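For what it's worth, the numbering used here labels the leading residue of the sequence shown as 5, then goes sequentially.
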Amino acid sequence: MFGYTEGENRRCPTAEAPIERQTERECVHTMKKWLSSILAAALTASCLTVSAFAADGIFPADQAHAPTVYAVNADQFWQENRDKLLSQGISQYGERPFREGLMPVLAGTVDADGYLINEQWNYINEQGQVVDLNRGRFLYVFDFFEGLAAVIDKDTMKVGYIDTTGKLVIPCQFSAYDSMGSIYVGYFHDGKATVFTDGNFAETEYGGFTVKGAQVAEISKSGAKSNARTWNTDDLAGLYLISDSGYMPDAVEIPVVEEPLTLQIVNYTGIGAGDPLGDGNYVFQNGAAYAVQATNNTDEPLHECYALVSYEANESKAGTQIFFFEMDLQAHESKQYAFSSAFWGLTRGEYSFLWVKFDSKQEMESFRGAVPFAEDQAQAEGENRIVDSGRAAAWMQQNFGL
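Following this line, the structure appears as C-alpha cells:
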C-alpha cells in the first residue's frame, strides 16, 4: 500500500504508541509514474474551477448545488514540481496553462547516468501524470482547444488533429509554418482552425520564411475546408496560430485577479507545537500535526466551508484522507486551522491534494455523510478521515475523475 524503504506501512506515532523519530532516509515514500501536486511546505491552492460533481455522484440528483473542485495553477505547478518532473524525464517547453486538463510537455526516460533519452512530445494532466496521446506517432503535439489539438506526423511532417482520447480525427495533411525555429499551427477558435494548405512559404532575406503569400483555409471539426485564400501580409495576427512554445499571436492577455481566499498546507505552529517543527517531528495525540493557513484577501469578512482531500496518485488511491474546515476570517485576516493526519509526508510532496468548496455547511455535511470512511479508523481514533482502502479508488474516480 505504501512503499516505505523498510517495507511496511507506517502511520504516525500516537501518544499511546510512540515510535522513534525517523530520519528522512528511513521514511521515504516511493513515487513512480506520478507527481504530487504539492512539493513545498506551504503550497498555495489555486482557485481555478475545473469541474463540479455530477448530479448522480455523491449528492442526490435533486440537489441544486454541488461543491466545486479547485485545480492546479500551471505557473505554480511548475515552480513547485519542476525538479521532481525533471527527475522523471518530464520537462517544460515554453509557458502555457493546462487546457482542458492537459498540457504538452517533452517526456522521456532518465538513464542510469542521469541523461534524458527517448524524448518526445506528449501530455501531462494536472496531477503530473503522463497521458500518452502520442503513442509514438507525432513529432509535435500542441494544446487542446474545443476538444481538439494539432499534431505533426513524425514521418510526413504534416499537420492533423486529435481528440482528448488520442484518436486522429482529422488526418495529417496540412503544413506547419516554421518561423526561425518556432513551429506554428492553427488551433480551433469558434469551431474553425486555420490551416496552411500547400506548404509553400517564401524565403526572407534573413534566411527564414514568411507567411505572406501562403495559401490558407479554415477547417471545421469534421475537417471540411472553407474560406481558402492567399494570406497577403507577413503578420501572424488574425490566423489564430499557436507555436510549439505556446505563444499565441492572437491571444488576449487575461489580467491576474487575486483569489479571495488563499489556502496553504503547513506544519502546525500553534499552541503546543513540538520543537523542532517539521513533517513528522511533532504529532497530535491521533496523528501528525498540520494546519491549513487560510488568508482572506478581501475587504469583507468571509465564512467558507472546505474539504481537503489528500491522496496517493496511484491506482488504488490507498491512504486517501479527507479533512473538513469551517472558516471564519475577518478582512485580510490570516489564521491556522489545525488538523491531524494519519500519515506523514503532507508537506514533503508525498501526496496530492484536492480542495472542495461548498456553498454551505449543510452541503459540506451532506458530502461528509456520503464518504465511505474506514470504520475501524473511525472507531479507533474517534474521527472520520481515512477513506476505506477497498473503496477509495472507485470513490475518487466517481467523484473527481481520478
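Glycine residues also receive a C-beta, built at the ideal position from the N, C-alpha and C atoms.
For clarity, every value in this text was computed on a predicted model and none was experimentally measured.
I believe Ala298 touches Leu333 by the beta-carbon criterion, under 8 Å. Please report the beta-carbon distance rounded to the nearest angstrom. The beta-carbon distance between Ala298 and Leu333, rounded to whole angstroms, is 6 Å. This is short enough to meet the 8 Å contact definition.
Around the C-beta of Arg389, are 16 or more other C-beta atoms found within 10 angstroms, so that it is buried, or is it exposed? By the neighbour-count rule (16 or more Cβ atoms within 10 Å), Arg389 is buried.
Which first and last residues belong to the alpha helix (DSSP H) in which Ala396 is found? Run containing Ala396: Ala396 to Phe404, per the alpha helix (DSSP H) assignment.
### Query
What separation, rounded to the nearest whole angstrom, lies between the Cα atoms of Ser40 and Asp238?
Confidence is the limiting factor: at Ser40 the pLDDT is only 25, short of 50, which leaves the residue's position unreliable and the question unanswerable from this model.
TODO: Quick one: residues in its chain with C-beta nearer than 7 Å to the C-beta of Glu316, no 5 flanking neighbours on either side, listed in chain order?
DONE: Ala322, Gly323 and Tyr355.
>> Judging by CA-CA distance, which residue of Ile94, Tyr165, Ala292 and Glu130 is the nearest neighbour of Gly118?
In response: Per the C-alpha coordinates, the member of Ile94, Tyr165, Ala292 and Glu130 positioned closest to Gly118 is Ile94.
**Q.** Exposure of Met107, with buried meaning 16 or more beta-carbon neighbours within 10 Å
**A.** Counting the other Cβ atoms within 10 Å of the Cβ of Met107 gives 16 or more, which makes it buried.
Please tell me whether Val215 and Leu240 are closer than 8 Å, where the distance is taken between their beta carbons.
Yes.
> Which residues bound the beta strand (DSSP E) around Ser344?
Replying inline: Ser344: member of the beta strand (DSSP E) spanning Ser338 to Ser345, first to last residue.
Alpha carbon to alpha carbon, how far is Phe357 from Asn204?
-> About 49 Å.
*asked:* What does the alpha-carbon distance come out to for the pair Asp392 and Ser314?
replied: Roughly 13 Å between the two C-alpha positions.
Looking only at its own chain, which residues have a Cβ that is under 6 Å from the Cβ of Phe149, when we skip the five neighbours before and after it? If we look at Phe149 and ignore the five residues flanking it on each side, its Cβ neighbours are Tyr191 and Phe192.
Count the C-beta pairs between the stretch 359 to 377 and the stretch 335 to 344 that are closer than 8 Å, then say yes if the count reaches three, no if not.
They do not touch, by the three-pair rule.
Here's the rule: buried if 16 or more other CB atoms are within 10 angstroms of the residue's CB, otherwise exposed. What is Glu207? Classification of Glu207: exposed, given that the 10 Å Cβ count is below 16.
Next item on the list: Report, in whole angstroms, the separation of the C-beta atoms of Phe178 and Lys158, which I expect to be a contact under 8 Å.
Entry: Lys158 and Phe178 do not touch by the CB rule: their CB atoms are close to 15 Å apart, not below 8 Å.
* Asked: Can you list, in chain order, the residues of its chain whose CB lies under 7 Å from that of Asn129, leaving out five sequence neighbours each side?
  -> Excluding positions up to five away in sequence, the list reads Gly105, Leu106 and Val135.
Practice item. Would you mind working out which of Asn318, Phe377 and Gly212 sits nearest Met184, comparing C-alpha positions? Key: Comparing C-alpha distances from Met184 to each of Asn318, Phe377 and Gly212 shows the shortest one belongs to Gly212.
ask   = Assuming Ile174 contacts Tyr181 under a Cβ cut-off of 8 Å, what Cβ separation, rounded to an integer in Å, is found between them?
value = Actually they do not touch by this definition, with Cβ atoms about 18 Å apart.
| said: Our contact map puts Asp147 next to Arg86 with C-beta atoms below 8 Å; I'd like the distance itself, whole angstroms only. | reply: Not confirmed; about 19 Å, so no contact.
Margin query: If I follow the unbroken alpha helix (DSSP H) through Lys229, where does it start and stop?
Written below: First-last for Lys229: Lys229 to Thr234, but that is the beta strand (DSSP E), not the alpha helix (DSSP H).
Where does Asp87 fall in DSSP's three states? Three-state DSSP puts Asp87 in a helix.
| field | C-alpha distance - Asn318 paired with Lys229, whole-angstrom precision | value | Between Asn318 and Lys229, the C-alpha separation is close to 43 Å.
**Q.** DSSP state of Asp79 mapped onto helix, strand, coil
**A.** DSSP places Asp79 in helix when its eight states are reduced to three.
* Within 10 angstroms of the Cβ of Phe63, are there 16 or more other Cβ atoms? Answer buried if so, exposed if not. => Confidence at Phe63 is low in this model, with a pLDDT of 27, below 50, so its placement is unreliable and the value that follows should be read with caution. Buried, since its Cβ has 16 or more Cβ neighbours within 10 Å.
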